[in-house]
Amino acid sequence: MRKQGKSPGLSSSFASNSSLTASTSQGRMQRLVAHAALGNARLSTESQQSLHGSVASSDVVNVYAHPTPSLRTRMSGAISSLALSPGGDAVVIAGREILKILTVTPEEVTETLNLRVGSQSTLNFSSNDVKWGNNATKSKIATAATNGSILIWDIYRVGRKVDRIINEHARAVNRICFQPENGHILLSASQDGTMRCWDLRDSRSGAKLKFEGKSESVRDVQFNPVVHYDFAAAFETGTLQKWDMRNPKAMYDRKVSAHNGPCLTVDWHPTGRLVATGGRDKTIKVWDLNSDNRRPLYMMRTMAAVSRVQWRPDHDDEIASCALNTEKRIHIWDVRRPNIPKYAFDEHESTPTGFLWFNNDVIYSVAKDKYFIRQHIQSAYQPIDILRHNSLCWNIQGDLALAVDNSPTSEFVDSTTTRSSMASAAKIGKRTTSKPAAPEDAVQYIPQQTCAIGHLPLFDYETFTVFAENYEISDRDLAHSCEMNSQLAWKLGHYRTSQSWRIVSVLFQDAAKGKDTPNNDQQLAELMSNDMLSDTNESISRNGHPDQNAPLENNTDQDTFNEPPPSNLSRKDLWPAWQHDKMVHELFDFYTEQGDVQTCVTLYLVLRKYITIDEHRVVEWFTSYIDILRRLKLWTAVNAIINASDIPHIQEQNQASSATTIHITCSNCFKLVSGTAQGAWACDKCHRLLNPCSICHQTVKSLYVWCQGCNHGGHLDHMHDWFADEKECPTGCGHQCVL
1 MRKQGKSPGL
11 SSSFASNSSL
21 TASTSQGRMQ
31 RLVAHAALGN
41 ARLSTESQQS
51 LHGSVASSDV
61 VNVYAHPTPS
71 LRTRMSGAIS
81 SLALSPGGDA
91 VVIAGREILK
101 ILTVTPEEVT
111 ETLNLRVGSQ
121 STLNFSSNDV
131 KWGNNATKSK
141 IATAATNGSI
151 LIWDIYRVGR
161 KVDRIINEHA
171 RAVNRICFQP
181 ENGHILLSAS
191 QDGTMRCWDL
201 RDSRSGAKLK
211 FEGKSESVRD
221 VQFNPVVHYD
231 FAAAFETGTL
241 QKWDMRNPKA
251 MYDRKVSAHN
261 GPCLTVDWHP
271 TGRLVATGGR
281 DKTIKVWDLN
291 SDNRRPLYMM
301 RTMAAVSRVQ
311 WRPDHDDEIA
321 SCALNTEKRI
331 HIWDVRRPNI
341 PKYAFDEHES
351 TPTGFLWFNN
361 DVIYSVAKDK
371 YFIRQHIQSA
381 YQPIDILRHN
391 SLCWNIQGDL
401 ALAVDNSPTS
411 EFVDSTTTRS
421 SMASAAKIGK
431 RTTSKPAAPE
441 DAVQYIPQQT
451 CAIGHLPLFD
461 YETFTVFAEN
471 YEISDRDLAH
481 SCEMNSQLAW
491 KLGHYRTSQS
501 WRIVSVLFQD
511 AAKGKDTPNN
521 DQQLAELMSN
531 DMLSDTNESI
541 SRNGHPDQNA
551 PLENNTDQDT
561 FNEPPPSNLS
571 RKDLWPAWQH
581 DKMVHELFDF
591 YTEQGDVQTC
601 VTLYLVLRKY
611 ITIDEHRVVE
621 WFTSYIDILR
631 RLKLWTAVNA
641 IINASDIPHI
651 QEQNQASSAT
661 TIHITCSNCF
671 KLVSGTAQGA
681 WACDKCHRLL
691 NPCSICHQTV
701 KSLYVWCQGC
711 NHGGHLDHMH
721 DWFADEKECP
731 TGCGHQCVL
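Numbering follows full-length UniProt numbering, in which position 523 of the sequence shown is assigned residue number 523; successive positions increment by one, without gaps.
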């Protein structure tokens with residue numbers, strides 16, 4: 001709810017827009033500029049002193065020394081961006097339909113100026129981004145339009161506030177920024193893939209500098225807060241580039257493949273060394289652009305694509321972020337604990353479109369829900385408090401890790417030291433140059449949880465791996481496969497499994513040879529006990545236990561077995577018909593109950609020509625087995641099992657994974673080659689052919705092979721013939737290629 005009434009600062013300098021006259025407006029604008037200049041002087045002094053390690057207290061910071069409840073102000077339209085005035089007591093908000101200046105105090109938010117009064121609604125006023133100038137341009141506001149225009153607004157100007165319209169970008173402008181300590185320099189990032197720099201003192205000429213990243217559209221650009229001629233840019237291709245304004249004709253100083261997908265936002269650390277980026281791949285990454293390391297120093301995984309990131313002032317390890325869509329909260333992350341946010345604001349009704357830090361505890365945010373909200377850090381909640389403090393987890397090797405809550409609250413051993421530390425931290429804007437405390441005097445933290453790791457012998461990782469890599473899964477020679485698998489199981493001490501393979505071999509050897517009638521008398525007799533024909537009164541139960549039922553009466557004379565059989569009775573008639581299917585299904589049931597999907601899958605692959613099993617059951621075996629193999633990173637075994645399967649649902653896994661695409665970049669314009677219009681050997685943008693074969697110097701329109709060390713390549717057969725006798729690259733670069 002918007003609060004009305006007179007407020008200090010900018011609000012006292014503005015009257016109702018409808019009643020402003022030319023004379024009174026000019027006087028009030030002069031007071032506004034003077035007030036902004038005073039605030040900017042305080043801000044400049046504070047920033048200069050912070051570089052030397054001692055920061056004086058600021059009046060702006062002292063105003064918010066005590067936290068206040070969140071303030072909400074509803075505007076007339078959706079808000080896409082906001083920017084803080086140099087003095088810090090006002091904020092400009094911009095969107096497709098609005099461009100207003102608000103005065104913000106701990107008690108109220110007041111609308112003080114509508115910059116679009118008297119202006120016709122055109123695409124020039126549909127803003128993607130807004131920035132407030134500094135120093136000499138503290139009365140100027142720049143907005144980036146969706147049609148590629150950049151508008152410079154002068155709040156001192158009488159009547160229509162538009163001072164200048166810049167039309168040089170071919171597509172929408174995504175971000176703009178003023179150079180720190182020099183408000184005359186404005187840098188823009190556009191959807192047309194270029195970055196342009198303007199000197200606002202020269203209103204007649206165009207852009208002074210133009211930077212082409214040889215890539216897709218530029219999503220964000222930011223000046224280095226310390227080295228002002230350096231800036232970082234985020235690109236649609238997921239790359240992060242660092243540029244030096246002193247060398248506009250040269251390429252970027254540094255390029256990093258930051259994200260798997262578009263890189264949407266970038267922000268410099270106050271020290272000027274680290275850069276935080278956010279992308280559509282739902283990650284926030286921190287990079288050191290002064291080192292050659294191409295891996296991020298820190299990485300935080302988020303719930304949605306990241307649209308904005310900003311470092312928290314006076315907290316070197318904390319970053320705030322908001323999502324591109326589907327997430328309405330603003331999170332604050334600690335890079336030292338990347339798995340869960342440290343704080344979360346949940347005030348907006350829709351996805352935030354922008355935010356900024358007023359100081360280290362107060363944050364301003366806007367969203368498509370038409371709300372401008374001022375929030376204090378104490379109004380945020382900590383997601384870790386929602387989580388359970390007791391947990392356990394298994395790993396694939398059978399280790400069990402557990403964490404048990406040890407105490408209801410965190411405890412410090414030295415409470416005196418804690419109170420003194422908290423008192424020191426309460427002094428806003430003051431830093432100490434004293435040496436860190438000695439280890440024996442430092443605060444000792446007692447964790448809230450007790451953690452332990454134990455091993456339970458429920459899964460033999462090494463044996464499982466040996467089976468997966470050496471099991472014979474071919475069904476071409478059943479006897480050979482069964483024999484090899486039986487020997488392997490016997491060597492590994494799995495004697496029951498070894499005997500199972502031998503029994504399967506005996507049962508199906510005639511079927512494997514193509515005979516209709518099984519003739520397994522001799523082999524089965526060796527596997528069966530001779531006690532079947534002995535005269536015994538031992539109790540036999542239906543379950544096979546000799547002590548549960550009454551003895552069977554033996555009324556048959558022993559001599560009956562000694563008489564010769566009739567001449568017309570063959571030995572085969574003495575044996576009942578052996579039920580192969582029933583025994584095999586019982587075998588599968590046994591290993592399924594044991595959870596041994598490895599044996600179930602292997603048995604099925606070897607016997608699938610001779611048995612019929614429910615497909616749903618087989619799919620469960622294969623899915624579970626492949627999942628275990630992938631968790632163990634046994635990729636060769638996974639591929640072998642999928643290829644050997646005859647079930648369409650399982651075979652589709654390889655077909656889906658075969659859709660992996662390796663993008664080729666044009667050597668001339670550095671655009672990704674999609675191979676749609678010109679073919680896979682030409683660039684769709686510049687229409688030039690890609691690198692030819694290093695041997696025949698012709699365009700490669702078939703299989704192309706290249707060295708990942710020197711990036712030279714050519715036709716597969718040409719390269720194969722070359723490296724049959726040579727070791728170095730055929731281009732003469734001197735690289736020892738391996739084909």
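Every residue gets a Cβ at the ideal spot worked out from N, C-alpha and C, and that includes glycine.
Top-ranked residue by Cα proximity to Asn-147, from Val-173, Leu-387, Gln-382: If you number the sequence shown from 1, residue 147 lands on position 147. It is Val-173 whose Cα lies nearest to the Cα of Asn-147.
DSSP state of Val-700 mapped onto helix, strand, coil: In the sequence shown, counting from the first residue as 1, residue 700 sits at position 700. If DSSP states are grouped into helix, strand and coil, Val-700 belongs with coil.
C-alpha gap between Gly-77 and Asp-346, whole angstroms: Stepping through the sequence shown from its first residue, residue 77 is reached at position 77. Stepping through the sequence shown from its first residue, residue 346 is reached at position 346. Those two C-alpha atoms are separated by around 20 Å.
Limits of the beta strand (DSSP E) - the one that His-184 falls within: The sequence position of residue 184 within the sequence shown is 184, counting from 1. Counting along the chain, the beta strand (DSSP E) containing His-184 begins and ends at 182 to 190.
CB contact flag (Asp-220, Thr-265, <7 Å): Here residue 220 corresponds to residue number 220 of the sequence shown, with the count starting at 1. Here residue 265 corresponds to residue number 265 of the sequence shown, with the count starting at 1. Cβ atoms of Asp-220 and Thr-265: closer than 7 Å.
Cα-Cα separation between Gly-734 and Glu-728, rounded to whole angstroms: Taking the first residue of the sequence shown as 1, we reach residue 734 at position 734. Taking the first residue of the sequence shown as 1, we reach residue 728 at position 728. Cα to Cα, Gly-734 sits roughly 6 Å from Glu-728.
Which of helix, strand or coil DSSP assigns to Ala-304: As a working note, residue 304 is residue 304 in the sequence shown. Coil, per DSSP.
Where Thr-612 sits in the DSSP three-state scheme: What you label residue 612 is simply residue 612 of the sequence shown in a count that begins at 1. Looking at Thr-612 - three-state DSSP - the assignment turns out to be coil, as it is neither helix nor strand.
Lys-255 versus Arg-295: straight-line alpha-carbon distance, rounded: As a working note, residue 255 is residue 255 in the sequence shown. As a working note, residue 295 is residue 295 in the sequence shown. Taking the straight line joining both Cα atoms gives about 12 Å.
Assigned exposure category for Ala-426 - 16 Cβ within 10 Å defines buried: Translated into positions along the sequence shown, residue 426 becomes position 426. Caution is warranted here: a pLDDT of 44 is assigned to Ala-426, below 50, making its placement in the model unreliable, and no coordinate value can be reported.
Bridge partner(s) assigned by DSSP for Gln-222: Counting from 1 along the sequence shown, the entry for residue 222 is found at position 222. Note: Gln-222 sits in a beta bridge opposite Ala-232.
Contacting residues, own chain, Cβ-Cβ under 6 Å from Leu-209 (five flanking each side not counted): Start at 1 with the first residue of the sequence shown, and residue 209 comes out as number 209. Closer than 6 Å at Cβ, skipping near neighbours: Cys-197, Pro-248.
Endpoints, the alpha helix (DSSP H) within which residue 752 is located: This structure cannot speak to residue 752, because the chain is shown only from 1 to 739.
Distance between Ala-305 and Leu-587 (C-alpha atoms, nearest Å): Indexing the sequence shown from 1 puts residue 587 at position 587. Indexing the sequence shown from 1 puts residue 305 at position 305. Roughly 50 Å between the two C-alpha positions.
Contact set for Ala-403: own chain, Cβ-Cβ below 6 Å, skip 5 residues either direction: Indexing the sequence shown from 1 puts residue 403 at position 403. Closer than 6 Å at Cβ, skipping near neighbours: Ser-391, Gln-449, Cys-451.
Environment of Ile-101 [buried if 16+ CB atoms lie within 10 Å]: Within the sequence shown, the letter at position 101 stands for residue 101. With 16 or more Cβ atoms within 10 Å of its Cβ, Ile-101 is classed as buried.
Secondary structure of Gly-732, DSSP reduced to three states: Sequence index remark: in the sequence shown, residue 732 carries index 732 (1-based). If DSSP states are grouped into helix, strand and coil, Gly-732 belongs with coil.
Under the three-state DSSP convention, the category Pro-648 falls into: Position 648 of the sequence shown, counted from the start, is the residue given in the question as residue 648. Residue state, collapsed to three classes: helix.
Which of helix, strand or coil DSSP assigns to Ser-529: In the sequence shown, counting from the first residue as 1, residue 529 sits at position 529. Interpretation of Ser-529 is limited by its pLDDT of 44, a score under 50 that renders its predicted location unreliable; the figure taken from the coordinates is listed afterwards. Ser-529 falls in the coil class under three-state DSSP.
contact_flag[the region 487 to 498, the region 620 to 630] where n(CB pairs < 8 Å) is 3 or more: no
Within 7 Å, strictly: CB atoms of Leu-186 and Ala-142: Locating residue 186 in the sequence shown gives position 186, where the first residue counts as 1. Locating residue 142 in the sequence shown gives position 142, where the first residue counts as 1. A contact, by the Cβ cut-off of 7 Å.
Contact the region 220 to 233 vs the region 143 to 162: 3+ CB pairs below 8 Å: no
Contacting residues, own chain, Cβ-Cβ under 6 Å from Val-705 (five flanking each side not counted): Reading the sequence shown from its first residue, position 705 is the one you call residue 705. Contacts found: Gly-713, Leu-716, Met-719.
7 Å Cβ cutoff, Ala-144 in contact with chain D: Of the protein chains in this structure there is only one, and it is not chain D.
Bounding residues of the alpha helix (DSSP H) (the contiguous stretch that carries Asn-485): Reading the sequence shown from its first residue, position 485 is the one you call residue 485. Element bounds for Asn-485: 478 to 491.
Lys-370 and Arg-74 closer than 7 Å at C-beta: Mapped onto the sequence shown, residue 370 falls at position 370. Mapped onto the sequence shown, residue 74 falls at position 74. In this structure, Arg-74 lies closer than 7 Å to Lys-370 by Cβ.
Beta-carbon proximity check, Ile-476 vs Ser-486, cutoff 7 Å: One-based indexing of the sequence shown puts residue 476 at position 476. One-based indexing of the sequence shown puts residue 486 at position 486. For the sequence presented, residue 476 should be read as Arg rather than Ile. Not closer than 7 Å, so no.
Gln-310 classed as buried or exposed, judged by whether at least 16 other C-beta atoms fall within 10 angstroms: Here residue 310 refers to the residue found at position 310 of the sequence shown. By the neighbour-count rule (16 or more Cβ atoms within 10 Å), Gln-310 is buried.
Minimum C-alpha distance to Arg-72 - residue among Gly-278, Arg-160, Glu-349: The sequence position of residue 72 within the sequence shown is 72, counting from 1. Of the candidates Gly-278, Arg-160, Glu-349, the one whose C-alpha sits nearest the C-alpha of Arg-72 is Glu-349.
One or two residues paired with Cys-686 in a DSSP bridge: Stepping through the sequence shown from its first residue, residue 686 is reached at position 686. Partner(s): none; Cys-686 has no beta bridge.
Per-residue burial, Leu-123 [other beta carbons within 10 Å of its own, 16 or more giving buried]: Within the sequence shown, numbered from 1, the residue matching residue 123 stands at position 123. Label assigned to Leu-123: exposed.
Beta bridge counterpart(s) of Asp-405 as assigned by DSSP: Position 405 of the sequence shown, counting from 1, holds the residue named residue 405. DSSP lists Gln-449 as partners of Asp-405.
Cα-Cα separation between Cys-482 and Ile-611, rounded to whole angstroms: Along the sequence shown, one-based indexing puts residue 482 at 482. Along the sequence shown, one-based indexing puts residue 611 at 611. Distance between the alpha carbons of Cys-482 and Ile-611 is about 15 Å.
For Met-583, three-class secondary structure by DSSP: Locating residue 583 in the sequence shown gives position 583, where the first residue counts as 1. Three-state result, Met-583: helix.
Beta carbon of Arg-246 nearer than 7 Å to that of Gly-261: As a working mapping, residue 246 is identified with position 246 in the sequence shown. As a working mapping, residue 261 is identified with position 261 in the sequence shown. No; because the gap between Cβ atoms is not below 7 Å, this pair is not in contact.
Buried versus exposed call for Lys-582 [16 or more other C-beta atoms within 10 Å across all chains shown]: By 1-based counting over the sequence shown, the position of residue 582 is 582. Exposed, by the Cβ-count rule.
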